[in-house]
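Numbering (this note's numbering), first residue to last: 72 to 524. Every residue gets a Cβ at the ideal spot worked out from N, C-alpha and C, and that includes glycine. The structure appears below as structure tokens.
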């Protein structure tokens, strides 16, 4: 059967924050771009991002991108790509201001500047006092971001294919990727989208877990497409567990709740995070807080309920006015999925699968298959996905690229960075010389003692 062909300069698979930002950059450059999404773009899973985007704007206090970088490297257990982290933290303010100029309705301070809330794992002066560094649009930052990017794509004439399901990457006789096949969910029509560049922005795979914050669309389609096309993957075992998913439902309760002053309790009413992280307390890194909750549960101090043992997230002391202005989405989600009113009683929470930290390897020399590397720390969404960025659009060689949420950063401030085939390795330190790197294989902690296992 001969498939109908739609030809574009680039095809982007996935219309979350990453995919729409990549498509916008391509369209703004004057290239034709097809944006494929198996749901309407503003229903992509980025819409569930709540807390905000961490960047050293310094709107609440003096701040420095180097302090932000320190927190990010530390939060990654020193295995993050430090070159990429440095670049992200340096250019973050420019990215936020460009989003603001696009029309993203950030919450505001009384003097009109962008509101920034405290978030876990963020400090001043290299591990000092708690930093308020996370720019937010109430607790619906992802919602605001998606709608802003969708409007910009319409303005710049991106061709959007809603409810189209990408099937497989297409390779030519030389093994280079030359587009993708996709099926229209409504009609069943199968089309070959031919492109000079193909970008994978297909989101995570959290639905493989019973309890997850992920939407039902996060089924790992992009990983399957890559593997079937012979693209190597790595770090598939790296997942982030968010400490506060609604018990029994898995729905995300943003870290911003604790940033606004909420705190965790065990069944004795004790603020147990004071024992595990005396300085940061409830705003310690996500891995620290999640492990602490699991230790409390395993040692019999978890709260009982129809959903099993859990911790309680107390917000009622903040007052109705603060909750309705700063955390309106959390009020709605808690009443719907936990059947509790945070204005009057605490929310039952438990660690739940949240973010997928694997990546597509850059170790393959297969023609036309360039991938971007990604490494994510266990920390704040939107602030810590660090990696290099190169994108070649309109160049003779067909390519496939991988986009994740950090495209929101990279496309805003630096796309394209280069077009050289050497992929800008000049001046890059060998892995062995980058400070603080260590291997999991060198850890002395037995795997069976991990609180999650």
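Cβ neighbour criterion (16 or more within 10 Å) applied to residue 73: Translated into the one-based positions of the chain shown, residue 73 becomes position 2. That one is exposed.
Three-state secondary structure assigned by DSSP to residue 141: Numbered from its first residue, the chain shown carries residue 141 at position 70. Of the three classes helix, strand and coil, the one that applies to residue 141 here is helix, per DSSP.
Runs of alpha helix (DSSP H) lying entirely within the stretch 124 to 200, each at least 4 residues, in chain order: 136 to 146 and 153 to 173
Contacting residues, own chain, Cβ-Cβ under 6 angstroms from residue 380 (five flanking each side not counted): The residue labelled residue 380 in the question sits at position 309 within the chain shown. Same-chain partners within the cutoff: 368 and 373.
Beta-carbon proximity check, residue 177 vs residue 122, cutoff 8 angstroms: Counted from its first residue, the chain shown places residue 177 at position 106. Counted from its first residue, the chain shown places residue 122 at position 51. Going by beta carbons, residue 177 and residue 122 fall outside the 8 angstroms limit.
Whole-angstrom C-beta distance between residue 265 and residue 249, which should lie under 8 angstroms: Taking the chain shown and counting its residues from 1, one reaches residue 249 at position 178. Taking the chain shown and counting its residues from 1, one reaches residue 265 at position 194. That pair is a contact at about 6 angstroms.
Residue environment, residue 76, which counts as buried when at least 16 other CB atoms sit within 10 Å: For the purposes of this step, residue 76 is taken as residue 5 along the chain shown, with counting starting at 1. Around the beta-carbon of residue 76, fewer than 16 other beta-carbon atoms lie within 10 Å, marking it exposed.
CB-CB length for residue 423 against residue 283, believed under 8 angstroms: Within the chain shown, numbered from 1, the residue matching residue 423 stands at position 352. Within the chain shown, numbered from 1, the residue matching residue 283 stands at position 212. That belief holds up - the Cβ atoms of residue 423 and residue 283 are roughly 6 angstroms apart, short of 8 angstroms.
Ranges of the alpha helix (DSSP H) found wholly within the stretch 191 to 263, counting only runs of at least 4: 212 to 226
Inter-stretch contact (C-beta, 8 angstroms, three-pair minimum) for the stretch 164 to 176 and the stretch 140 to 154: As far as the Cβ criterion goes, the stretch 164 to 176 does not touch the stretch 140 to 154, which means the pair count is below three.
Short Cβ contact (8 angstroms threshold) for residue 91 with residue 107: Within the chain shown, residue 91 is the residue found at index 20, counting from 1. Within the chain shown, residue 107 is the residue found at index 36, counting from 1. No; because the gap between Cβ atoms is not below 8 angstroms, this pair is not in contact.
Span of the alpha helix (DSSP H) around residue 383: In the chain shown, residue 383 corresponds to position 312, counting from 1. First-last for residue 383: 382 to 385, but that is the beta strand (DSSP E), not the alpha helix (DSSP H).
Same chain only: Cβ atoms within 7 angstroms of residue 257, ignoring 5 sequence neighbours per side: Translated into positions along the chain shown, residue 257 becomes position 186. These residues qualify, in order along the chain: 234.
Residue 117, DSSP secondary structure in three states: Working through the chain shown from its first residue, we reach residue 117 at position 46. It is helical.
Rounded C-alpha distance that separates residue 319 from residue 409: Stepping through the chain shown from its first residue, residue 319 is reached at position 248. Stepping through the chain shown from its first residue, residue 409 is reached at position 338. Residue 319 and residue 409 have their C-alpha atoms roughly 8 angstroms apart.
Whole-angstrom distance between residue 196 and residue 95, CA atom to CA atom: Here residue 95 corresponds to residue number 24 of the chain shown, with the count starting at 1. Here residue 196 corresponds to residue number 125 of the chain shown, with the count starting at 1. In this structure, the CA atom of residue 95 is about 36 angstroms from the CA atom of residue 196.
Euclidean distance between Cα positions of residue 267 and residue 85: Taking the first residue of the chain shown as position 1, residue 267 is located at position 196. Taking the first residue of the chain shown as position 1, residue 85 is located at position 14. Going from the Cα of residue 267 to the Cα of residue 85 covers about 17 angstroms.
Start-to-end residues for the alpha helix (DSSP H) that takes in residue 297: For the purposes of this step, residue 297 is identified with residue 226 of the chain shown, where counting begins at 1. Looking at the DSSP string, the run of the alpha helix (DSSP H) that includes residue 297 is 292 to 299.
Coarse secondary structure for residue 282, derived from DSSP in three states: In the chain shown, residue 282 corresponds to position 211, counting from 1. Coil at residue 282, not helix or strand.
Residue nearest to residue 79 in terms of C-alpha spacing, selected from 119, 251 and 362: For the purposes of this step, residue 79 is identified with residue 8 of the chain shown, where counting begins at 1. Comparing Cα positions, the closest option is 251.
Alpha carbon of residue 275 to alpha carbon of residue 290, nearest angstrom: Position 204 of the chain shown holds residue 275. Position 219 of the chain shown holds residue 290. In a straight line, the C-alpha of residue 275 is about 7 angstroms away from that of residue 290.
Cβ-Cβ separation, residue 217 to residue 88 (assumed contact under 8 angstroms), whole Å: Reading the chain shown from its first residue, position 17 is the one you call residue 88. Reading the chain shown from its first residue, position 146 is the one you call residue 217. Contact between residue 88 and residue 217 holds, since their C-beta atoms are separated by about 6 angstroms, short of 8 angstroms.
Close-in-space but distant-in-sequence residues of the same chain around residue 157 (CB under 7 angstroms, 5 per side omitted): Taking the first residue of the chain shown as position 1, residue 157 is located at position 86. By the criterion of a C-beta distance shorter than 7 angstroms, residue 157 is surrounded in its chain by 140, once the five residues flanking it on both sides are discounted.
Contact under 8 angstroms by Cβ, residue 338 with residue 345: Translated into positions along the chain shown, residue 338 becomes position 267. Translated into positions along the chain shown, residue 345 becomes position 274. No. Outside cutoff.
Cα-Cα separation between residue 83 and residue 292, rounded to whole angstroms: Here the question's residue 83 lines up with position 12 in the chain shown. Here the question's residue 292 lines up with position 221 in the chain shown. Using only the alpha carbons, I get a separation of about 14 angstroms.
Same chain, Cβ closer than 6 angstroms to residue 521, neighbours up to 5 away in sequence not counted: Position 450 of the chain shown, counted from the first residue, corresponds to residue 521. Because the pLDDT at residue 521 is just 31, under 50, the model does not fix this residue reliably, and the value given afterwards should be weighed accordingly. Excluding positions up to five away in sequence, the list is empty.
Whole-angstrom distance between residue 179 and residue 129, CA atom to CA atom: Position 58 of the chain shown, counting from 1, holds the residue named residue 129. Position 108 of the chain shown, counting from 1, holds the residue named residue 179. Cα-Cα distance, rounded: 14 angstroms.
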